[in-house]
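Colleague: Protein chains in written order, with the working numbering: chain A, 1 to 738; chain B, 1001 to 1738.
2 protein chains.
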Amino acid sequence: MAKRQLKYVGHSVPRVDGVEKVTGKAKFVGDLVIPGMLYGKILRSAYPHARIHSIDASQAEALPGVVAVLTAADIADLNPLYNGRPVIAMDKVRYVGEPVAAVAAMDPATAEEALSLVEVDYQELPAAIGIEAALHKDAPLIHEEKGGNICAHEKVNRGDVDEGFAQSDVIVEDRFTFPMVYHYAMEPHSVIAQYDDNDEVTVWSSAQHPFQVRGDIAKIFRLPTAKVRIIINYLGGGYGSKSYTKFEPLVVALARKAKRPVRVCNSVGESMVTVRRHGAQVWIKTGVKNDGTIMAREAEIHLDTGGYDDNGPQVTARSATRVLGPYWIPNIRTNAYAVYTNTGSAGSYRAIGAPQVIYAGESQIEIAAAKIGMDPAELRMINLLKPGQELRPGLKGIDADLASSLKSLMRASGWRKSLRKKHAAIGMGCAITNAGATPVSVALVRMQSDGLVNIAAGSTEMGQGVRTTLTQIAAEELTLPMEQFRVAGADTKVTPYDSSTGSSRSTTLMGTAVQKAARDLKQQFVKIAAQVMAVKPNQIEVADGALICGEARLTFKEAFERRFGKGSGGEMIGRGEAGPEITDHQLPVFWEVGMGAAEVEVDHETGAVTLKKFISVADVGKAIHPEHCVAQEEGAAMQGIGHTFFEQLVYENGQLINPNLVDYRIPAFADVPEEFHTVLVENEDGPGPFGVRGMGEGGILSVAPAVCNAIDRATGVRIRDLPLTSERMWRALKAQAK
Amino acid sequence: MAKRQLKYVGHSVPRVDGVEKVTGKAKFVGDLVIPGMLYGKILRSAYPHARIHSIDASQAEALPGVVAVLTAADIADLNPLYNGRPVIAMDKVRYVGEPVAAVAAMDPATAEEALSLVEVDYQELPAAIGIEAALHKDAPLIHEEKGGNICAHEKVNRGDVDEGFAQSDVIVEDRFTFPMVYHYAMEPHSVIAQYDDNDEVTVWSSAQHPFQVRGDIAKIFRLPTAKVRIIINYLGGGYGSKSYTKFEPLVVALARKAKRPVRVCNSVGESMVTVRRHGAQVWIKTGVKNDGTIMAREAEIHLDTGGYDDNGPQVTARSATRVLGPYWIPNIRTNAYAVYTNTGSAGSYRAIGAPQVIYAGESQIEIAAAKIGMDPAELRMINLLKPGQELRPGLKGIDADLASSLKSLMRASGWRKSLRKKHAAIGMGCAITNAGATPVSVALVRMQSDGLVNIAAGSTEMGQGVRTTLTQIAAEELTLPMEQFRVAGADTKVTPYDSSTGSSRSTTLMGTAVQKAARDLKQQFVKIAAQVMAVKPNQIEVADGALICGEARLTFKEAFERRFGKGSGGEMIGRGEAGPEITDHQLPVFWEVGMGAAEVEVDHETGAVTLKKFISVADVGKAIHPEHCVAQEEGAAMQGIGHTFFEQLVYENGQLINPNLVDYRIPAFADVPEEFHTVLVENEDGPGPFGVRGMGEGGILSVAPAVCNAIDRATGVRIRDLPLTSERMWRALKAQAK
């Protein structure tokens, strides 16, 4: 069959939420005012580790304008734990910033003032700040019941690693460190909660995962999920910082006590102490033959997971696999540990558990290549996983043509030519990730009698453009103009179930659900037309919103009226889902691919490193919206530039000393590379609609190794600790000069 | 196949909204407060007919606390007319109470005060109050462009009426009048409207027909329906008074001007001048042979439709048919006219266009029976339409066994025995109505991963128990306990289309949609089970929420997890609809049957008539919830008692002089007959689930003729004008004595 010309998919159509956003009409949680709403503030621990003897809230409660003060005593009837953390600190605090009490008052200033009137009697305990301190034999126990500070441990094994090293010609062994970093979003996490006296809970939150929040709140408050309603409109950025359940349960508990709706908006500083990426220490050893064959890899990874689990165990599990890179390695032994420390909890951040270990692995690939005198691109090409090959036991074989991505990267970066230059200052990084996308998304596509089509999909629009993408897919299937569609945010009372928005999953999984729903709707039209035209359904063609068979033509509108009568209203509903069968119950649903090459300039005088050029390659399967794909890839690379060059949460004595955007620098326009280019690889081999595979995380992976590899090539200095500040670079250059 | 034992259907289970209502937690529009909401009041015309020269709102606008004053000048950009009426009076007013201006203010008292500051320059015009005045050759024209005061005219013809009368042995000819009456509901109509600056309209209303309101507002404000959202929770009674679009557009226009949400709650007095049942004058002539065969009927009906159309044309059309009764009449000529008058508009009221003419027709049947000396029940039995017979050309044949209803009535009322008594004071009335139920209802039945099932159905719960009925149907189909289901009100943004709640349609039509949706969901479970058990779907039995084949058993929960994975969430959605094919595109969808017998006692001294006994028979096909059916039938009969004995809106010089519940008396507990009994006929021959047919309107039809027939039999006095006050009865007795 001739390939159909695509009208919406593959085109960079205007964003469906564009006008609403640029005109300031889009509503975020901080814009919402619910009748009778109070303003909440959270009293946070000033100690990294302390026992709470008592809390006296009486003075705060007596302050005029204060409606309720919440402490642990108020949640005695609940299941207080979720994701390994309590709704509010109970017997002790485990990091500076942990919620100890919360106030709901008539106005924010009163709430703030009341916080200062809450008396907490703490007994300070010795704190463990950082991985070494937490692993020390005399380290204080952060969760006594665990008998140690290891939160989670994950390992990957294959073959015989000792034998693999024995067969290697060259063995390299290194230690790398990666800083704690914060996923700054324009909108800090904000929550409004309402707890009706018939135990119906409504939460407006800037949460990425509405249905996960619903599930946690139902469990905590011992309610059926039907009594918990989560409403999400837009998010001002997420990047994982708003994934899973954050402080929604605390606000619900506060609203329950206040018997009125309460809004709590985090400040940037509050967000910074309560969610971040895991800092990491990575010991890694790789054995290579002189012909470039990788024979073995061993790694030990320690991740600083902070005071509570959050998503630490999953991040840890992911890192134990991702340290392997995109290569066939016959002998593997990796161990990854999440370590509790007395700092804010680390959770999910774009490509969880990946940048830390890919920085290590891809740095070491070029160290090894140098040792055997081989072009590191060549070494990579030799070892890249081929379609169908297993990265490690238990995961689906590779579903992408990695070699085509690497070739694109080499071509786009002028790799071979650049390498021939003296003191070539280029390097690369290649990675794949087993995106954690879980395969349950359900969608409805509902056509009204006036022809408008509502797409009911629980994906969260957080800037990535998912509403536009889903509209493109539905428009393409139904052959109707984009303007005829509407997509709203999730309201768990009415929007069908979706497991989450994260892990690069929405276009592939919700896209599939929407595509199926649109097809289901289309088939209903075809059935009507077949009946009207007295032909078989497969004789009907659909084009431009009409059903055609030879000379006979019936518009959707006409078919609709045939079904319901003219002017009689009616509604036609298409239903679709993406369940585990989308990839035959195999995980990951897809492999995500991210490769990049960097060219740098090093100022030997000051240590300043300038990223002159960055080329990113994303295998997207099929770009539904090319501009959005490029924007996502660039955005991810910019976050990579951030953690590579300057981002780091700095703790001293358990206190975060840079909890603001002055002392914690995020990338700005000045940090955009002079040449910044994204190549989209479109082999149409992904499991999603039109062959799409998830993207948007890959771009963050290659920046750090590519930059450090480029520096090494240009200067002979190997940077094993990030961020790569001018000072660190200058010191490394000085050390080398000695 | 053996008849399945029904577990929920056919049982008077507890109301699903019972606890919420008796604990006062159920929210009505008057309970809602929307953020930033203002309070609106309407300035109403004090003249029955006047030209508006100008309106000066400047003083009202200047009053502190007033946010906006709406007049016709503010709606110049709209399509101002709907159902033949303007959003707000434009060039002239046509009844006392017509909205002329509206104020939105910070509080109700300020709004009320501002009304008195609006200066309207009226030029009074001669008014036409009552049918005679409006039809007088010199009558003022209420709508000049119509060239007369006839709003609508409908006729029914069959056979040769003159020939029919010629063949008759007895011809009777009478005039009857029926008063204007008001459908008092505990909750007067209330509306909140919000008009966002991106032209998104949200309306919370106590409207019976959410989707009709959506359609009208979209047209008036020139918006796509997707921008109009109607949210309905509970109604405190409807009876047709809240059908179609009432003053919602006015509140939307006011909110648009105020740029804030506005709530307007009608008082009882305001409701009384703005909605009511048509008063009627019925001239009727019937020819009968001595053997009881009805040979011909002719009728001329005039309905007082008030200042604007509202639903007058439909009411008129209905009355032209309903005057025929439930009989096969070979020769028919009826003409019905809606007449504009300078009084508030008449609209739909329980069994539109029926009580007025059935009172006439069924009175005359007994007059004729007396003339030929036949038991009037016998005369009726001879002429009753048989299943399949056509009442009149163009309507579906009778789908009910009317004789079985009449037999039930005779049995339950002890008809033959009573008739043998001297001065027997009994009478009856028999009727059918072609309920106007339009056949478009769409429903979703959505199961969540925790097993809860949401029924998304746009039917309005206004006391009739529709949420309970739909839950029973879904529970029966899915073999799950009622507690596992939830039904909410309509939110047109998310609830599938439903044409209306009215015309006794919801159980039959929405019930079918819900039943189909539940079956669709069940089939999805069967499919999973068939796959798991490796059998054919038709080998699977469903019972108690499980799928069974021999020894193999899979609960719905297990099947759900097979589809989506354990603990992975997910959602299964069943879809159903009732479109025109439910009765093969024939209308009415069903015939509604209402018969009743009354026994009275007349006090010759005072004229007081006591209704000692009332027996009502309703052919419900199948009683889904017997107690609700009886309650509906009794409620309808009570309204019949109201219009028979004392209800009447009294106009003097165009002013309604009894616009309150002291001067306008509605039935109270003291008016309940000593013996009050309902018989449900269940032949399972209706088109809805389990053989149900619509009910709830029939009970209002027979009271007036049955009572007047009983009085005639007891006293020899024929009452041809309602209401049957003691004064009217006393005067009639006196006149007879002379």
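Each residue gets a CB set at the ideal place from its N, CA and C atoms; glycine is no exception. What you are looking at is a predicted structure, and each value in this text was computed from that prediction instead of being measured.
(1) Please classify B/T1495 as buried or exposed, where buried requires at least 16 neighbouring CB atoms within 10 angstroms.
(2) Can you pull out the residues from the segment 579-592 of chain A whose beta carbon lies closer than 9 Å to at least one beta carbon of chain B?
(3) Taking 7 Å as the CB-CB limit, is B/Y1195 close to chain E?
(4) Roughly how many angstroms lie between the CA atoms of B/Q1356 and A/V203, to the nearest whole one?
(5) Quick one: using the 10 Å Cβ neighbour count with 16 as the cut-off for buried, is A/M1 buried or exposed?
(6) What alpha helix (DSSP H) runs, 4 residues minimum, are completely inside the segment 1412-1463 of chain B?
(7) Run through DSSP, which three-state label would B/I1042 get?
(8) At which residues does the alpha helix (DSSP H) containing B/A1346 begin and terminate?
(9) Which residues in chain A sit within 9 Å of B/D1199, going by Cβ to Cβ distance?
(10) Compile a chain-ordered list of the residues in the segment 556-567 of chain A whose CB is closer than 7 Å to at least one CB of chain B.
(11) What residue range is occupied by the uninterrupted alpha helix (DSSP H) comprising A/V203?
(12) Ignoring anything shorter than 4 residues, give me the alpha helix (DSSP H) runs that lie fully in the segment 550-627 of chain A, in order along the chain.
(13) At a Cβ cut of 8 Å, what residues of the segment 444-462 of chain A count as close to chain B, listed as they run along the chain?
(14) A/T225 versus chain B: which residues are under 7 Å apart at the beta carbon?
(15) Work out the CA separation of B/T1492 and B/G1579 for me, nearest whole Å.
(16) Run through chain B and tell me which residues come within less than 9 Å of A/G699, C-beta to C-beta.
(17) Locate the alpha helix (DSSP H) running through A/P210, then write down its first and last residues.
(18) Our contact map puts A/G686 next to A/S616 with C-beta atoms below 8 Å; I'd like the distance itself, whole angstroms only.
(19) List, in chain order, every chain B residue whose beta-carbon is nearer than 8 Å to that of A/V440.
(20) Quick one: Cα of B/A1637 to Cα of B/G1097, how far?
(21) For A/I150, report the span of its beta strand (DSSP E) as first-last.
(22) I need the DSSP call for B/V1268, collapsed to helix, strand or coil.
(23) Give a yes or no on whether the C-beta atoms belonging to B/G1451 and B/Q1484 are separated by under 7 Å.
(24) Three or more C-beta pairs closer than 8 Å, one from the segment 284-304 of chain A and one from the segment 91-109 of chain A: is that the case here?
(25) Ignoring anything shorter than 4 residues or poking outside the segment 1036-1117 of chain B, list the alpha helix (DSSP H) runs there in chain order.
(26) Along the chain, where does the alpha helix (DSSP H) that runs through A/V251 open and close?
(27) For B/R1486, which residues in chain A fall below 7 Å Cβ to Cβ?
(28) For B/L1063 and B/T1023, which I take to be in contact (beta-carbon distance under 8 Å), what is that distance rounded to the nearest angstrom?
(29) Taking only beta-carbon positions, decide if B/Y1082 is within less than 7 Å of chain A.
(30) By a C-beta neighbour count over all protein chains shown, 10 Å radius and 16 as the cutoff for buried, is A/N149 buried or exposed?
(31) Grab the span of the alpha helix (DSSP H) containing A/W730 for me, first residue to last.
(32) How far does the beta strand (DSSP E) with B/R1297 in it extend, from its first residue to its last?
(33) For B/V1201, is the classification buried or exposed, using 16 other Cβ atoms within 10 angstroms of its Cβ as the cut-off for buried?
(34) Quick one, which of B/D1138, B/L1070, B/I1432 has its alpha-carbon nearest B/E1119's?
(35) Do you know how far the Cα of A/Q464 is from the Cα of A/G18?
(36) In three-state DSSP terms, what is A/M1?
Modeller: Considering the structure as presented:
(1) buried
(2) G579, P580, E581, H585
(3) Included in the structure are the protein chains A and B, with no chain E among them.
(4) 52 Å
(5) Reliability of the predicted coordinates at A/M1 is poor, the pLDDT of 42 falling under 50, and no value is obtained from them.
(6) 1415-1420
(7) strand
(8) Counting along the chain, B/A1346 falls outside any alpha helix (DSSP H), and DSSP gives it neither H nor E.
(9) Within 9 Å Cβ-Cβ: nothing; B/D1199 doesn't reach chain A, min ~10 Å.
(10) R563, F564, G565
(11) It is not in any alpha helix (DSSP H) - A/V203 instead sits in the beta strand (DSSP E) that spans 201-205.
(12) 556-564
(13) L444, R446, Q448, S449, D450, L452, N454, A456
(14) Q1448, D1450, L1452
(15) 19 Å
(16) None at all; the shortest Cβ gap to chain B is about 29 Å.
(17) For A/P210, the enclosing alpha helix (DSSP H) begins and ends at 210-220.
(18) The Cβ separation is near 18 Å, so there is no contact.
(19) Going along chain B in sequence order, the residues near A/V440 (Cβ under 8 Å) are F1564, G1565, S1568, G1569, G1570.
(20) Looking at the two C-alpha atoms, the distance is approximately 30 Å.
(21) 150-158
(22) Three-state result, B/V1268: helix.
(23) yes
(24) These segments do not touch.
(25) 1058-1062, 1108-1115
(26) 248-258
(27) A226
(28) Incorrect: roughly 40 Å between the Cβ atoms, too far for contact.
(29) Under the Cβ distance rule, B/Y1082 does not count among the residues neighbouring chain A, no pair being separated by less than 7 Å.
(30) The residue is buried, with at least 16 neighbouring Cβ atoms inside 10 Å.
(31) 726-737
(32) 1294-1306
(33) buried
(34) B/L1070
(35) 12 Å
(36) Its pLDDT being 42, under 50, A/M1 is placed unreliably by the model, and nothing is read from it.
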